[in-house]
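*Asks:* Just so you know, the protein sequences line up as chains H and U, in that order.
Take the position in the first sequence, starting the count at 1, then add 1327; the result is the number in my numbering.
Take the position in the second sequence, starting the count at 1, then add 1327; the result is the number in my numbering.
Mind having a look at this structure? Questions to follow.
Number of protein chains: 2
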Amino acid sequence: MNDECTPVMNTGLRGVDVASSKICDVQGKAGKLIYRGYRIEDLAKNASFEEVCCLLLHERLPDDQTLASFDLRLKQKRHIPETLFTMLKHLPRSMTPMDVLQAATPLLIQTDENAGTETLSDVLNSAEHLIAGLSTLIAAWDRLRNDKTPVMPDTSLTHAANFLYMLTGEPPDPEAAAFFDAGLVLHAEHSFNASTFTARQVASTKAHIYAAIAAAIGSLSGPLHGGANVRVMKMLMEIGSPEKIDAYIDNILDSGGLIMGLGHAVYQTDDPRALILAPMSQRMGEITGDTRWYELTKELETKGKQAFKKRKNRDIFCNVDFYSASLFYAMGIPMDLFTPVFALSRVSGWCAHVIEEQYAKAAPKPTLYRPGATYVGDYCGPDECRFVRIEERK
Amino acid sequence: MNDECTPVMNTGLRGVDVASSKICDVQGKAGKLIYRGYRIEDLAKNASFEEVCCLLLHERLPDDQTLASFDLRLKQKRHIPETLFTMLKHLPRSMTPMDVLQAATPLLIQTDENAGTETLSDVLNSAEHLIAGLSTLIAAWDRLRNDKTPVMPDTSLTHAANFLYMLTGEPPDPEAAAFFDAGLVLHAEHSFNASTFTARQVASTKAHIYAAIAAAIGSLSGPLHGGANVRVMKMLMEIGSPEKIDAYIDNILDSGGLIMGLGHAVYQTDDPRALILAPMSQRMGEITGDTRWYELTKELETKGKQAFKKRKNRDIFCNVDFYSASLFYAMGIPMDLFTPVFALSRVSGWCAHVIEEQYAKAAPKPTLYRPGATYVGDYCGPDECRFVRIEERK
């Protein structure tokens, strides 16, 4: 390959644009995140998660009638098939929520009579089943593994508030519900990240959207991707108190490690989502009367950035996981649900990408993702191996 | 991007090498397929599927002791958790086998105490669970959806023979079992095809191998990928008899369509696997006393190739799906199990790729697949959209 080219071999395709997309713009240098033309700051402040789902799926912000009917359809789809509860009940309590979610997602297809990739309206309908269904599944599994009865969805509540209600069985604090809603908006979409690329790739085979979303959940479950917010929280707990921050930073940087939640593949500024999450984390701590984790995060940010500047002479910035960890923790969300909550939100973006992959008219005809690989097998030198029957092998 | 570069935008990454790999070499021009140094012709003729699994997972052909202990471990892992049968029993009979397989695969983790990505030997152990478990799952689902009791695995049988036995409840014809074994060898691996790329991509997030394989199953379920052998069989049935071939070809080529099973993204010769499958399909027809589908395929090949040459002035070649359809059909495998049978075999290659992605030492440190996309949103012209609150939208 030409040396002038963007290198693609063994680089994880970093910096290589593989497709055109109308869904999301991540401007790494400017620190801007844009969903279908709209800045994340505007959306997080002014739009509900349902509104953002409409925007992502239907390409435009809805008017109030459009939103009301979308919202109604989503509420109707919160009820998942009874067989899914039966399945969840039979699983070992020790299974991780992400494994359970990946297993249960393909089964949501049961009540979707028109599932398939035949028409755009069918796929949009399936997307609603997925967005609504994942929420019910995650909450139900958390109840069941704790020997509690699942809480049935409450259609008087928003998507965000209903999830918190199904999780705890209590109507959530309105401010907490609003923060959770904003949290869902912030995590909904981020262009071709690993799980979204997985969803698009599966969709490119013309597999149906349930198969694509279940695949994306598998991708998100990886510690390097959706698992990062859990690792931030574990780090905070490991540090434990502010006076231990300096030693922690020294230790981690001495050993060539990274401070979880600092640094991002794309942003060269603070992640715009982190800037929105930080005050929410602070306020959530105030509501619960425990701002310890927020304050620890804040101080770790300051000191971590200083240490990076001093030792490596470069700036490092907060990513989305840095403040979402303490926010979700303050909301009482169990740590191993942080990644499922990420899925609960990102499913909206995944669905938009599956639809774009399968139905985009502006872009050239979508084609199966089928890259190559350079064969470097060296078992028999430059030649093929001579086959020896098993009886003669030694 | 430089015009001299291999184009990647909206091309599905065709022809773009994204990684180096020691697993498989597909030589499109020469029509050669090589697994870890060995030609597919040698392997299909002389090696069992178990031997090929060893080769793919452990990088070398096993000696008889190594193979015997691998085989024993695989046989022990044919028994899947009881909860999986319970789950299958509760599913609607109408669910497709690929959807069921994708849902059930993450649940195989239940009996795998050391699942995770911590050590290579743990992942190799998980790979055995997956290779053995998929077979039991597919057969059990086919029995249950037909109101039959699942047949428990028979450890006196090979992997191939045992699958046919679990499917029908009868000990398979030895020649049929041998052909099925060869069929599994032929489908085991094919470099960075769509589903394998999906598996690697999920693995690159350091997700565990069950999550990666479940994702790959979703990818394989797409009609453009693993679903192609089913479409070949449907086409054969649509044609029905040899005298209708000419009209079928004319009709499909007039309308700009493709003849299923002819043409491949990589091979510029007959697919080496098709050359091996064709006589197996013929002989299987002879065994069952019905060579009709083989003969129809053969004549369609001849006439299809002639028509392509005449109309488009180019050669077209058989791919793997062309003769596997009539072979599997003659074996009595239900058509909608063709793709699951593909998975039953390819899981071995997927596992090898997951392991290479997570543990390869020769290649540079694996990095998360995270490509870019070019944002082409045009909702508000070249500028960002101005956010208007919902009350003021119209």
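Every residue, glycine too, gets a C-beta built ideally from N, C-alpha and C.
So Ile1361/U is in the beta strand (DSSP E); what residue range does that whole segment cover?
*Replies:* Where Ile1361/U is concerned, the enclosing beta strand (DSSP E) stretches over 1359 to 1362.
*Asks:* Given a cut-off of 9 Å on the beta-carbon distance, is the pair Pro1389/H and Ile1436/U in contact?
*Replies:* No; because the gap between Cβ atoms is not below 9 Å, this pair is not in contact.
*Asks:* If you follow the beta strand (DSSP E) that Val1353/H is part of, which residue opens it and which one closes it?
*Replies:* That run of the beta strand (DSSP E) goes 1351 to 1354.
*Asks:* Pick helix, strand or coil for Leu1388/U, following the three-state DSSP scheme.
*Replies:* It is coil, neither helix nor strand.
*Asks:* Would you mind sorting Gln1429/H into buried or exposed? The rule is 16 or more other CB atoms within 10 Å of its CB.
*Replies:* Gln1429/H is buried by the Cβ-count criterion.
*Asks:* Return no unless some Cβ of chain H is closer than 9 Å to the Cβ of Ala1689/U.
*Replies:* Here the model assigns Ala1689/U a pLDDT of 48, short of 50, so the residue's position is not dependable, and the following value carries that caveat. Interface residue, yes.
*Asks:* What are the complete beta strand (DSSP E) segments, minimum 3 residues, inside the stretch 1555 to 1597 of chain U?
*Replies:* Runs of the beta strand (DSSP E) inside the stretch 1555 to 1597 of chain U: none found.
*Asks:* Using C-beta distances below 8 Å, list every residue in its chain close to Glu1469/H, excluding the 5 sequence neighbours before and after it, in chain order.
*Replies:* In the sequence as presented, Glu is not what sits at residue 1469/H; that position holds Asp. For Asp1469/H, where only same-chain residues beyond five positions count, the Cβ hits under 8 Å are Pro1424, Leu1494, Pro1661, Leu1664.
*Asks:* Starting from Cys1314/U, trace the alpha helix (DSSP H) in both directions and tell me its first and last residue.
*Replies:* Missing from the structure shown is residue 1314/U; chain U here goes from 1328 to 1721 and no further.
*Asks:* Along chain U, which residues have their Cβ under 7 Å away from the Cβ of Leu1551/H?
*Replies:* Chain U residues near Leu1551/H: Thr1532, Lys1533, Leu1695.
*Asks:* Residues of chain U with a CB under 9 Å from the CB of Thr1485/H: which are they?
*Replies:* Residues of chain U passing the Cβ test: none, with the nearest at roughly 14 Å.
*Asks:* Could you confirm whether any beta carbon from chain H is found closer than 9 Å to the beta carbon of Tyr1702/U?
*Replies:* For Tyr1702/U, the answer is yes, since a Cβ of chain H falls inside 9 Å of its Cβ.
*Asks:* How about Glu1377/H and Thr1482/H: do their beta carbons lie closer than 9 Å?
*Replies:* In this structure, Thr1482/H does not lie closer than 9 Å to Glu1377/H by Cβ.
*Asks:* Which of helix, strand or coil does DSSP assign to Ala1700/U?
*Replies:* Three-state result, Ala1700/U: strand.
*Asks:* Is there a Cβ of chain U sitting closer than 9 Å to that of Asp1344/H, yes or no?
*Replies:* Yes, because at least one Cβ of chain U sits closer than 9 Å to the Cβ of Asp1344/H.
*Asks:* Between Pro1661/U and chain H, is any beta-carbon pair separated by less than 9 Å?
*Replies:* Pro1661/U does not count as touching chain H.
*Asks:* Could you tell me the distance, in whole angstroms, from the CA atom of Ile1643/H to the CA atom of Gly1590/H?
*Replies:* Using only the alpha carbons, I get a separation of about 6 Å.
*Asks:* Could you work out which residue in Ser1675/H, Arg1713/H, Glu1711/H, Asp1474/H is closest to Val1450/H when comparing CA atoms only?
*Replies:* Of Ser1675/H, Arg1713/H, Glu1711/H, Asp1474/H, the residue nearest in Cα terms is Ser1675/H.
*Asks:* Just reading off the beta strand (DSSP E) that Val1345/H is part of, what are its end residues?
*Replies:* Element bounds for Val1345/H: 1344 to 1348.
*Asks:* By alpha-carbon positions, which one of Gly1355/H, Ala1357/H, Gln1633/H ends up nearest to Asp1577/H?
*Replies:* Asp1577/H has its Cα closest to that of Gln1633/H, out of Gly1355/H, Ala1357/H, Gln1633/H.
*Asks:* Give me the Cβ distance between Ser1348/H and Ala1521/U, rounded to the nearest whole Å; I'm assuming they're in contact under 8 Å.
*Replies:* Not really, about 19 Å apart at Cβ, beyond 8 Å.
*Asks:* For the beta strand (DSSP E) containing Gly1496/U, name the first residue and the last one.
*Replies:* No beta strand (DSSP E) contains Gly1496/U, which DSSP labels as neither H nor E.
*Asks:* If you check the beta carbons only, do Ala1526/H and Trp1677/H fall under 9 Å apart?
*Replies:* Yes, the Cβ-Cβ distance between Ala1526/H and Trp1677/H is below 9 Å.
*Asks:* Output the distance between the C-alpha atoms of Gly1364/U and Ala1687/U, rounded to the nearest integer angstrom.
*Replies:* Taking the straight line from one Cα to the other gives about 17 Å.
*Asks:* List, in chain order, every chain H residue whose beta-carbon is nearer than 7 Å to that of Leu1340/U.
*Replies:* The answer, in chain order, is Val1345, Tyr1696, Arg1697, Pro1698.
*Asks:* With distance defined between alpha-carbon atoms, name the residue in Val1512/H, Leu1551/H, Leu1457/H nearest to Val1529/U.
*Replies:* Here the closest residue by C-alpha is Leu1551/H.
*Asks:* Give me whichever residues DSSP pairs with Tyr1656/U in a beta bridge.
*Replies:* Note: Tyr1656/U sits in no beta bridge, so no partner.
*Asks:* Could you compute how far the alpha carbon of Gly1567/H sits from the alpha carbon of Leu1461/H?
*Replies:* About 33 Å.
*Asks:* If you reduce the DSSP assignment to three classes, tell me which class Pro1709/H lands in.
*Replies:* In the structure shown, Pro1709/H sits in a strand (DSSP, three-state: E or B).
*Asks:* Under the rule that 16 or more other beta-carbon atoms within 10 Å means buried, what is Ser1582/U, buried or exposed?
*Replies:* Answer is exposed; the Cβ neighbour count stays below 16.
*Asks:* Report the option in Gly1510/H, Glu1516/H, Leu1464/H whose CA atom is closest to the CA atom of Met1611/H.
*Replies:* Comparing Cα positions, the closest option is Gly1510/H.
*Asks:* May I ask you to list, following chain order, the residues of the stretch 1356 to 1374 of chain H that have a beta carbon less than 7 Å from some beta carbon of chain U?
*Replies:* The stretch 1356 to 1374 of chain H vs chain U, Cβ under 7 Å: Ile1361, Arg1363, Gly1364, Tyr1365, Arg1366, Asp1369, Asn1373.
*Asks:* Rounded to whole angstroms, how far is the Cβ of Cys1351/H from the Cβ of Tyr1702/U, which I believe are closer than 8 Å?
*Replies:* With 8 Å as the limit, Cys1351/H and Tyr1702/U qualify as a contact, their Cβ atoms being about 7 Å apart.
*Asks:* Helix, strand or coil for Arg1619/U per DSSP?
*Replies:* Three-state result, Arg1619/U: helix.
*Asks:* Out of Thr1463/U, Leu1370/U, Lys1402/U, which has the shortest C-alpha to C-alpha gap to Leu1411/U?
*Replies:* Per the Cα distances, Thr1463/U.
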